[in-house]
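Each residue of the sequence shown is one higher than the one before, starting from 133 at the first, in the numbering used here. Single-structure report; data block below.
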Amino acid sequence: MTYINQHILNNLFYILVSIFFFSFLYEYVQFFKQKKVYQRLLLVVCLSVPMILCMTYPIYIAPDCVHDLRQVPFLIGTFYGGWTVSVPLLFVLLIARFMMYGYQFITVAVYVMMCICGSLFSPLFQRLTRKQRLVASALMTFILAIAATILAIAISDFQVTESYIVDFIVVPPIAVLFVVFIIETLREALLIRSKAIKLEKMEVVSQLAASISHEIRNPLTVVKGFMQLMKAKDISQETKEQYMNIALEELNRACAIIDDYLTFAKPFPEKIEPLHVQQELEKVIHMLRPFANMHGVQIVATLTPAVMIGNAQYFRQCFLNIIKNGIEAHANDGAVYVDMHVDEKTVTIVVRDEGEGMTKEQLARFGEPYFSTKEKGTGLGAMVSIRIIEMMNGTWHIESDIGRGTTMTVSFPLLLEK
Ligand code: ADP
Ligand code: MG
133 MTYINQHILN NLFYILVSIF FFSFLYEYVQ FFKQKKVYQR LLLVVCLSVP
183 MILCMTYPIY IAPDCVHDLR QVPFLIGTFY GGWTVSVPLL FVLLIARFMM
233 YGYQFITVAV YVMMCICGSL FSPLFQRLTR KQRLVASALM TFILAIAATI
283 LAIAISDFQV TESYIVDFIV VPPIAVLFVV FIIETLREAL LIRSKAIKLE
333 KMEVVSQLAA SISHEIRNPL TVVKGFMQLM KAKDISQETK EQYMNIALEE
383 LNRACAIIDD YLTFAKPFPE KIEPLHVQQE LEKVIHMLRP FANMHGVQIV
433 ATLTPAVMIG NAQYFRQCFL NIIKNGIEAH ANDGAVYVDM HVDEKTVTIV
483 VRDEGEGMTK EQLARFGEPY FSTKEKGTGL GAMVSIRIIE MMNGTWHIES
533 DIGRGTTMTV SFPLLLEK
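Structure follows, in structure tokens:
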């Protein structure tokens with residue numbers, strides 16, 4: 133039994149280790165997530181290594197054919213990556229084969245055939261569900277092995293031996309089934325994890341919504357109370373006016389809270405999708421112009437086109453709060469500058485004002501809920517902005533000099549591929 137030996141297990145081991153290696157690098161190295169090309173390159177490298185190792189330590193060397201599991205990584209790459217992975221793998225396979233064991237025409241014919249058929253099958257394969265992929269990959273491997281055998285017999289006087297049937301026709305489909313099962317399980321685990329992270333982030337925002345609706349209820353309760361008091365017949369006009377003023381003030385407070393959180397809210401939360409930073413900022417600035425004019429403040433914007441991933445609604449709310457604070461920081465005339473920088477990976481938005489600035493203590497409390505130095509402030513705007521930035525994987529930085537002004541710098545990952 134030369135065809136069932138330790139080397140089969142070794143071959144399988146090389147393949148499995150490289151699959152784990154691939155998913156490890158893919159998950160933890162951000163670089164590979166940026167472009168499809170990098171992923172394909174990683175796949176080619178991670179599958180070339182076990183292919184070469186399988187050939188270096190074959191199961192059995194027959195006179196006219198070397199038995200090993202090289203077609204397993206080759207077909208896995210072909211099914212998952214299509215042409216762009218299959219063709220480079222084909223070159224690696226053939227070059228390594230000929231350098232180790234010399235040139236043989238059957239090998240070229242067989243693997244070119246597998247490359248063509250496998251690549252044609254790849255788009256279909258990728259549309260299948262998890263279970264279908266298991267069956268389809270094993271079946272396709274089996275069909276290709278049979279086709280390869282027929283091809284080999286047709287073009288040369290190839291001898292089909294018992295060991296050839298085991299090593300080339302029976303074992304590979306089982307190995308492919310096994311490997312695809314592991315790949316799919318790993319993929320599913322990664323998918324569930326990334327979904328869980330997203331949900332967690334959305335959770336933060338919905339908690340925020342809950343706490344803010346609670347905040348709105350308080351002033352409304354006060355208004356209701358005073359309205360009921362006003363219903364009494366024996367109160368003087370003066371008291372009535374007093375009650376009215378209190379009620380109005382509380383209503384203003386409720387409005388301010390809504391402005392800080394719900395200006396852009398719609399009944400159905402928008403999806404997370406590509407958003408055009410420049411356009412969204414223009415909308416916000418347009419909306420704030422009257423408010424700025426009222427304060428005698430100019431908004432000077434220097435914007436450039438950029439696309440990032442996020443929720444447009446939240447994005448607008450975030451910058452509405454920041455720019456509004458900038459405007460409010462001016463006791464007299466002045467200007468708020470909104471600038472944008474785009475580099476390879478990030479889009480940076482800088483909001484600078486020439487207002488009153490903050491002390492060290494105020495700066496330390498910036499973003500804390502209900503921290504406000506304004507008479508009618510809510511102390512919610514900055515917190516909401518910060519939560520939104522963090523939810524969209526952004527970073528922020530604030531600098532402030534008392535009497536000189538404040539600069540808020542916000543960066544988000546740029547979307548490279550549309
Ligand atoms: P509010 O605007 O209702 O006071 P915010 O959460 O928006 O609440 O801001 C909290 C506090 O942070 C403000 O009261 C103010 O003291 C300070 N602050 C925020 N932005 C600026 C700024 N651009 N310049 C000066 N102070 C600021
Ligand atoms: Mg504010």
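For each residue, glycine too, the CB sits at the ideal point set by N, CA and C. Given the structure is predicted, the values throughout are model-derived calculations rather than measurements.
### Query
From which residue to which residue does the alpha helix (DSSP H) around Gly458 run?
444-460 is the extent of the alpha helix (DSSP H) around Gly458.
### Query
Buried or exposed: where does Pro101 fall if 16 or more other Cβ atoms within 10 Å of its Cβ makes it buried?
No information on residue 101 is available, as it lies outside the stretch 133 to 550 that the chain covers here.
### Whole beta strand (DSSP E) elements within the stretch 171-246, 3-residue minimum
192-194, 197-199
### Message
Quick check on Ala433: does DSSP put it in helix, strand or coil?
### Response
Reduced to three states, the DSSP call for Ala433 is strand.
### Query
Is it the case that the Cβ atoms of Gly213 and Arg262 are separated by a distance below 7 Å?
no
### Query
So, using beta-carbon positions, are Asp485 and Thr527 closer together than 7 Å?
no
#### Entry: Own chain residues within Cβ distance below 7 Å of Leu352, not counting five before or after
Ala386
### Query
Identify the residues that DSSP records as bridge partners of Tyr502: which are they?
In the DSSP output, where bridge partners are listed per residue, Tyr502 has none listed.
### Query
From Val311 to Leu148, what distance separates their C-alpha atoms?
Rounded to the nearest angstrom, the two C-alpha atoms are 7 Å apart.
### Query
How would you call Ile455, buried or exposed, if buried means at least 16 neighbouring beta carbons within 10 angstroms?
buried
### Query
Where does Tyr393 land, buried or exposed, given buried means 16+ other C-beta within 10 angstroms?
That one is buried.
### Query
Any residues whose CB sits closer than 5 Å to a heavy atom of the ligand MG? List them in chain order?
Asn457, Gly513
### Task
Please look up how many angstroms separate the CB atoms of Ser155 and Leu221, rounded, as I've assumed it's under 8 Å.
The Cβ separation is near 18 Å, so there is no contact.
### Task
Taking Ile389 and Phe423 to be in contact with their CB atoms under 8 Å, please state how far apart those CB atoms are, rounded to whole angstroms.
17 Å between Cβ atoms; not a contact.
#### Entry: Distance between Tyr233 and Lys550 (C-alpha atoms, nearest Å)
No answer about Lys550 holds up, because its pLDDT of 36 lies below 50 and its placement is not dependable.
### Query
Exposed or buried, Leu380, counting other C-beta atoms within 10 Å across all chains shown (16 or more means buried)?
exposed
### Query
Where Phe152 and Ala467 are concerned, what is the direct C-alpha to C-alpha distance, given to the nearest angstrom?
55 Å
### Close beta carbons around Ile140, own chain, < 6 Å, minus the five adjacent residues each side
Hits under 6 Å: Ile191.
### Query
Which of the three DSSP states, helix, strand or coil, is assigned to Arg536?
coil
### Message
If you measure between the beta carbons of Ala277 and Ile301, is that distance less than 7 Å?
### Response
yes
### Query
If you count every other CB in all the chains shown that lies within 10 Å of the CB of Asn425, and 16 or more means buried, which is it?
exposed
### Query
Does the distance from the C-beta atom of Met490 to that of Ile481 stay below 7 Å?
no
### Beta-carbon proximity list for Lys217, same chain, < 6 Å, skipping 5 on both sides
Before going on, a small fix: residue 217 reads as Val here, not Lys. Cβ within range, chain order: Arg172, Leu175, Val176, Gly209.
#### Entry: Rounded separation between Gln203 and Ile184 - CA only
11 Å
### Message
Once DSSP output is grouped into helix, strand and coil, what is the label at Glu486?
### Response
coil
### Task
Evaluate Leu420 with the Cβ neighbour count: other Cβ atoms within 10 Å of its Cβ, from every protein chain shown; 16 or more gives buried, anything less gives exposed.
buried
### Query
Mind checking Pro182: buried by the 16 CB within 10 Å criterion, or exposed?
buried
### Query
Near Glu493, what residues of its chain come up, given a Cβ to Cβ distance below 6 Å and the 5 sequence neighbours on each side ignored?
Excluding residues up to 5 positions away in sequence, nothing lies with its Cβ nearer than 6 Å to the Cβ of Glu493 in the same chain.
### Task
Consult DSSP for Glu522 and reduce its assignment to one of helix, strand or coil.
helix
### Message
Going by DSSP, what residue range makes up the alpha helix (DSSP H) through Asp391?
### Response
369-394
### Query
Is the stretch 514-526 in contact with the stretch 435-453, if contact means three or more CB pairs nearer than 8 Å?
yes
#### Entry: Reference Leu201, options Pro195, Tyr189, Ala194, Phe211, closest by Cα
Tyr189
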